[in-house]
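Asker: Numbering (full-length UniProt numbering), first residue to last: 1 to 421.
(1) Considering Cα atoms alone, identify which of 95, 108, 79, 54 is closest to residue 85.
(2) Can you list, in chain order, the residues of its chain whose CB lies under 8 Å from that of residue 232, leaving out five sequence neighbours each side?
(3) Buried or exposed: where does residue 283 fall if 16 or more other Cβ atoms within 10 Å of its Cβ makes it buried?
(4) Can you name, in chain order, every residue of its own chain whose Cβ lies under 6 Å from the Cβ of residue 366, other than the five neighbours on each side?
(5) Using a Cβ-based criterion (distance less than 7 Å to any ligand heavy atom), does residue 182 qualify as near the ligand NAD?
(6) With respect to the beta strand (DSSP E) encompassing residue 161, which residues constitute its N-terminal and C-terminal limits?
(7) Decide yes or no for the touch test of the stretch 256 to 272 against the stretch 330 to 339: beta carbon pairs closer than 8 Å, at least 3 of them.
(8) Quick check on DSSP: helix, strand or coil for residue 116?
(9) When DSSP builds the beta bridges, which residues end up paired with residue 257?
(10) Thinking C-beta only, is residue 224 closer than 8 Å to residue 242?
(11) Measuring CB atoms only, is the stretch 128 to 142 touching the stretch 347 to 355, in the sense that at least three cross pairs come out at less than 8 Å?
(12) In angstroms with no decimal places, state the Cα-to-Cα distance between residue 178 and residue 185.
(13) Which residue spans inside the stretch 329 to 356 form an unbroken alpha helix (DSSP H) run of at least 4?
(14) Quick one: what does DSSP say residue 80 is sitting in, helix, strand or coil?
(15) Roughly how many angstroms lie between the CA atoms of residue 297 and residue 370, to the nearest whole one?
(16) Assuming residue 384 contacts residue 105 (C-beta within less than 8 Å), just tell me the rounded distance between them.
(17) Can you check whether the CB of residue 266 is closer than 8 Å to the CB of residue 272?
(18) Which word fits residue 509, buried or exposed, when buried means at least 16 other C-beta atoms lie within 10 angstroms of its C-beta?
(19) When DSSP builds the beta bridges, which residues end up paired with residue 273?
(20) Is it buried or exposed, residue 45, if we count other Cβ atoms within 10 angstroms and call 16 or more buried?
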């Protein structure tokens, strides 16, 4: 269930918090009130008593794009996302603690995933359900030492989702890290909806407000565009295309996010996105001689005689079936290519529940590599340590989610803290 409020912190805003969706640019004729609990509850009560306002709320949800495909219905059929109109505030101190903790967690996970020796010691403890991914890791990274060193210098783009809960002492506790976020661009739109709802009977003036840009989607698009630039610079190419590898079932939640990122890529950076499943790409990639050039091309949907060079592959959540030989072979071919892969194969392994338990338990070993020179506090170790030895599924217990975007090659990053997701 998506909830709020949502806050954004970037490198240029380290000393202050800002609401992710503050209608700061609204016109003078339409004043946006402070979003207090009392005022918001009053707005909700007013809306529940007015059928016209409820219809306007539905129109707001639709205009903000907070919809998903209605199952296997015809193209264009949609239904609202499962969201709530009642945001759950997160204390500012807890939010700031989580924000700073998330930066360290992202670095620890990256250091652990790149330590192939440490990974080889712990990867066999993973469940039998991960044999396909584990076998691919051994095939690509674990068998040949020079290959491991080669991948250490790859252009890496990490877009992580970290889920946090409130511990017994009131301090934040890490629940789970996801290598691909389930929601990234949607939460800010939910915050927009909460702000717009606070206008109560002034909903007819919504059109006079200028909604802010979707900062998470824009920053993710900027990170992807920078990775494409690094790809072109390193390999002397001129690609302006990426490929989003979708899941076979076309997960509606990630599909909604991907569309926001696609729009930001095209409008802000002039980069086109192509959507394919791994199975659809497998036949295309066979035509590409990755062993010699390492350049990946796909067939254009509009012109089958035209080949498009892909600089980056963004793998949607669940887009690869690790037990499917065709999917695994496709990912193996991609690993031998020059294209940027997000998430990386190392991040996919580090995301496994058993691996998360291992690197979180051994977090102190990676503190020097992660840039932490002082002895960590007991509170920090307790926040990172796995709870009861389990990396949990956090759908119903998440207090706050953090999206961490990190272009590892130049160490720049941007993080967002989102209230109950």
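Think of the CB as a built atom: it goes at the ideal place given N, C-alpha and C, for glycine as much as any other residue. Only a predicted model underlies this, so the values are computations on that prediction, with no experimental measurement involved.
Answerer: The structure says:
(1) Stepping through the chain shown from its first residue, residue 85 is reached at position 85. With distances taken between Cα atoms, residue 85 lies closest to 54.
(2) The sequence position of residue 232 within the chain shown is 232, counting from 1. Excluding sequence neighbours, residue 232 sits near 238, 239, 311.
(3) Counted from its first residue, the chain shown places residue 283 at position 283. With fewer than 16 other Cβ atoms within 10 Å, it is exposed.
(4) Stepping through the chain shown from its first residue, residue 366 is reached at position 366. Once the five neighbours on either side are set aside, the close Cβ partners of residue 366 are 108, 111, 112.
(5) Here there are no bound small molecules, and the ligand NAD is not part of this structure.
(6) Walking along the chain shown from the start, residue 161 turns up at place 161. Taken as a continuous stretch (DSSP letters only), the beta strand (DSSP E) holding residue 161 covers 157 to 166.
(7) no
(8) Counting from 1 along the chain shown, the entry for residue 116 is found at position 116. Three-state DSSP puts residue 116 in a helix.
(9) Within the chain shown, the letter at position 257 stands for residue 257. Per DSSP, none; premise fails for residue 257.
(10) On the chain shown, position 242 is the one that residue 242 refers to. On the chain shown, position 224 is the one that residue 224 refers to. Yes.
(11) yes
(12) Residue numbering aside, residue 178 sits at position 178 when the chain shown is read from its first letter. Residue numbering aside, residue 185 sits at position 185 when the chain shown is read from its first letter. The straight-line gap from Cα to Cα measures roughly 16 Å.
(13) 345 to 351
(14) Here residue 80 corresponds to residue number 80 of the chain shown, with the count starting at 1. In the structure shown, residue 80 adopts extended strand secondary structure according to DSSP, grouped into three states.
(15) Position 297 of the chain shown, counting from 1, holds the residue named residue 297. Position 370 of the chain shown, counting from 1, holds the residue named residue 370. Computed Cα separation, rounded: 36 Å.
(16) Locating residue 384 in the chain shown gives position 384, counting from the first residue. Locating residue 105 in the chain shown gives position 105, counting from the first residue. That pair is a contact at about 6 Å.
(17) Along the chain shown, read from residue 1 onward, the residue named residue 272 stands at position 272. Along the chain shown, read from residue 1 onward, the residue named residue 266 stands at position 266. Yes, the Cβ-Cβ distance between residue 272 and residue 266 is below 8 Å.
(18) Residue 509 lies beyond the range of the chain shown here (1 to 421); nothing can be said about it.
(19) The residue you call residue 273 lines up with position 273 of the chain shown. Paired residue(s): 242.
(20) Working through the chain shown from its first residue, we reach residue 45 at position 45. When all chains shown are included, residue 45 counts as exposed.
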